[in-house]
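Undergrad:
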Amino acid sequence: MAAELAESPSDYVNHHMTHLRVGHGFWTFHVDTLVMSAALAAFVAWLLWLAARRASNARHPTGVVAFVEFVYEWIDTEVSAIYHGNRKFLTALAVTLFTWIVAMNTMDLLPLDAPSKLAGSLGAPFWRVLPTADINGTAAMAVFVLILVVAAGVRSKGAGGYLHEWIAAPFGSNPLLWIPNAILNLIELVAKPVSLAMRLFGNMFAGELIFMLIALLGLSVSHVTGKGLVLIAAQVLLGSVWAVFHILIVLLQAFIFMVLPIVYIAMAEEHH
Amino acid sequence: MLDINGTFIGQLLVLLVLLWFIYKVVVPMLATKIEERQQKIANGLAAAERGQKDLLSAEARVEELVKAARQRALAIEQQAQVRANETIDAAKQTAQNEAARLLEAAQAQVALDTQKARDALRSQVAALAVSGAEKIIGREIDAKAHTQLLDSLAANL
C-alpha cells in the first residue's frame, strides 16, 4: 500500500499504460502484448481442440463440448447469413477472430493491479494485460482482414477486373472519372481496416482507462475516515457496475470484429 | 500510445498460427461431427414420420379387418339361422310322418281286432241261436241239416 500511496494518480495511470518493451525503433516489441495474446491463442486453440476431440454423436453434448459446439454453430449460421458460397474458410476466420478477441478482451475484467503486481514480483517493471488495448494487436488483425478483402476481390474478378473496378467504379468508366474513382476506392479500402482496428482498440483502451480512474477513487484515500469510506464504497460500486457493463462491450466488440470482415469479404466478391 | 512496431508482426504471426490451427484442425473436426449429428437427427425424424404413417395405415387396416370380420360374423349368424330353421322343419316333417304312420298302424290294428271280435261273436250267436231254437222247439235240431240256414243267419249278424 505504501508504494501506491506514494504514486500520484498520473503516475499510476502512466504505469498501467506502459508496455514492457524490448528493442529499439520499429523493432520494438511489446513483450506483454505478445505473451498475453499468444498464451490466450494457445488457450483458445486448446479449448476448441479439446471440445472438437470430445465431440461425439453417441451421447448428447455436455459442458465444454456443448458450449464450443453452440458457439461454432452460431458463428457458422451468422457467416452463412452473410456469405453465400463455400464458407469453410470464413467460418474458421470468424471463429478465430471471435474466440481470440473475446479471450483477449476478457483480460480487462481481471483485477486491475493483480497482473502487473504479479509480473512485478517476477521482475517485469511493466505489464499490460490487455492485448486488444494495444494498437499493434488490433491493427495486425485489421490488416490481415484487408489482405483477405483484396484477395477475395482479385479471386472473384481476376486481377484485371479488380483493377478495372478501382478506376471504373463507383462513378463510371469515363477516363475523366478514373482519378476520383481511384481516390474514393482508396478511402473506402483504407477506412475498413482503420475503423476495425481503431474501434476495438478505442473501446478496450477506454474501458481500461475507466477502470483505472475508478481505481483511483480508492487509491486517493490516505487514511480511513468518513470521506474515505465513501470513496472506497464508490470505487466498489462503480467498479462493479462498469465491469458488468464491460462484459457487454467485451462480447459486442468481438462480435463486430467477427462480422465486419465477413461482410467486407462478401462485398468484395460482389460485382459492381 | 499509437506506435506501430515489431509487435504488429508478432501479433500477425500469432493470428496466422491460430487461424491455421482452427481452419485445418478444429473446424473440420467440429463440422464432421455436427454434420453427422444433423444427418442422424434427420434420419430419426424421417423414421418417426414413417412410423407415424405406418401406424395410420395399420390403424386403417385394423378397421378394415374388424369390418370384414363383423360382416362375416353376421353372415355366419344368418346362415346358422337358416340351417336351424331347416333342421326344425325337417324334424317337424319326420315327426308328422311318424305320427301318420303310427296312426295308420293303430287304425289297421283296430280294424283287425273289430273283425276278429265280430267273427267270434258271430259264431257264438249262431250257437246261442241254435240252443235257443232247440229250447223253443223242444227237440234237437240236426246241426248238419241246418248248417246252411245257420251259416246264413250268422253271416247276417
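These protein sequence lines are chains S and G, in that order. The opening residue of the first sequence carries number 2 in this note's numbering; numbering runs sequentially from there. The opening residue of the second sequence carries number 59 in this note's numbering; numbering runs sequentially from there. Cβ atoms here follow ideal geometry from the backbone N, Cα and C, with glycine treated the same way.
1. Buried or exposed for S/Gly159, please, with buried defined as at least 16 other CB atoms from any protein chain shown within 10 angstroms of its CB.
2. Run through the region 28-87 of chain S for me and flag every whole beta strand (DSSP E) of 3 or more residues, listed as ranges in chain order.
3. Nearest to S/Ala59 by alpha carbon, out of G/Trp78, G/Gly109, G/Lys91 and G/Ser210?
4. So, with DSSP's three-state summary, where would you put S/Val23?
5. Which ranges does the beta strand (DSSP E) cover as unbroken runs of at least 3 residues, wholly within the region 105-178 of chain G, from first to last along the chain?
6. What residues in its chain sit with their C-beta under 6 Å from that of S/Pro262, if we drop five residues either side in the sequence?
7. Spell out whether any CB of chain S is found under 8 Å from the CB atom of G/Asn101.
8. DSSP on S/Leu6, reduced to helix/strand/coil?
9. Identify the contact partners of S/Ile145 in chain G, using a Cβ-Cβ distance below 7 Å as the criterion.
10. Under 8 Å between C-beta atoms, does S/Leu197 make it to chain B?
11. What do you reckon, are the CB atoms on S/Pro132 and S/Thr34 nearer than 8 Å?
12. Near S/Ala104, what residues of its chain come up, given a Cβ to Cβ distance below 6 Å and the 5 sequence neighbours on each side ignored?
13. Step through the CB atoms of chain G and report whether any lies within less than 8 Å of the CB of S/Ile136.
14. Below 8 Å between beta carbons: does that hold for S/Gln254 and S/Met205?
15. Rounded to whole angstroms, what's the CA-CA distance from G/Arg108 to G/Leu88? Just pull it up for me.
16. Using 8 Å for Cβ pairs, my map puts S/Ala153 next to S/Ile266. What's the rounded Cβ distance?
17. In angstroms with no decimal places, state the Cα-to-Cα distance between S/Arg156 and S/Thr92.
18. Do you know how far the Cα of S/Ala56 is from the Cα of S/Phe71?
19. For S/Thr29 and S/Ala141, I'd like the C-alpha separation in whole angstroms.
20. Quick one, which of G/Val85, G/Lys150 and G/Leu211 has its alpha-carbon nearest S/Phe90's?
21. Name, please, each residue of chain G whose Cβ falls closer than 7 Å to the Cβ of S/Ser38.
22. Decide if G/Lys174 is buried, meaning its Cβ has at least 16 other Cβ atoms within 10 Å, or exposed.
23. Would G/Ser189 and G/Ala212 be called neighbours here (beta carbons separated by less than 8 Å)?
24. Who are the near neighbours of S/Asn106 in its chain, counting only those whose CB is closer than 7 Å to its CB and skipping five residues on each side?
25. Only counting runs of 4 or more residues, tell me where the alpha helix (DSSP H) segments fall wholly within the region 154-197 of chain S, in order along the chain.
26. Which whole-angstrom value describes the C-beta separation of S/Val69 and S/Leu49, a residue pair presumed to lie in contact below a C-beta threshold of 8 Å?
27. Can you find the residues in the same chain that come closer than 7 Å, C-beta to C-beta, to S/Ile233, ignoring five residues on each side of it along the sequence?
28. So what does DSSP say about S/Phe138, is it helix, strand or coil?
TA: Reading off the structure:
1. exposed
2. 28-31
3. G/Lys91
4. strand
5. none
6. Val146
7. no
8. For S/Leu6, the pLDDT reaches just 49, beneath the cut-off of 50, and the residue's location in the model is therefore unreliable, leaving the point undetermined.
9. For the sequence presented, residue 145 of chain S should be read as Phe rather than Ile. By Cβ distance, chain G contributes Leu70 and Leu73.
10. Absent here is chain B; the protein component of the structure consists of chains S and G.
11. yes
12. Leu41 and Val45
13. yes
14. yes
15. 30 Å
16. 5 Å
17. 18 Å
18. 12 Å
19. 15 Å
20. G/Val85
21. Gln69 and Val72
22. exposed
23. no
24. Thr133, Met205, Val251, Gln254 and Ala255
25. none
26. 6 Å
27. Gly219 and Val222
28. Checking the sequence, you will find Gly at residue 138 of chain S rather than Phe. Three-state result, S/Gly138: helix.
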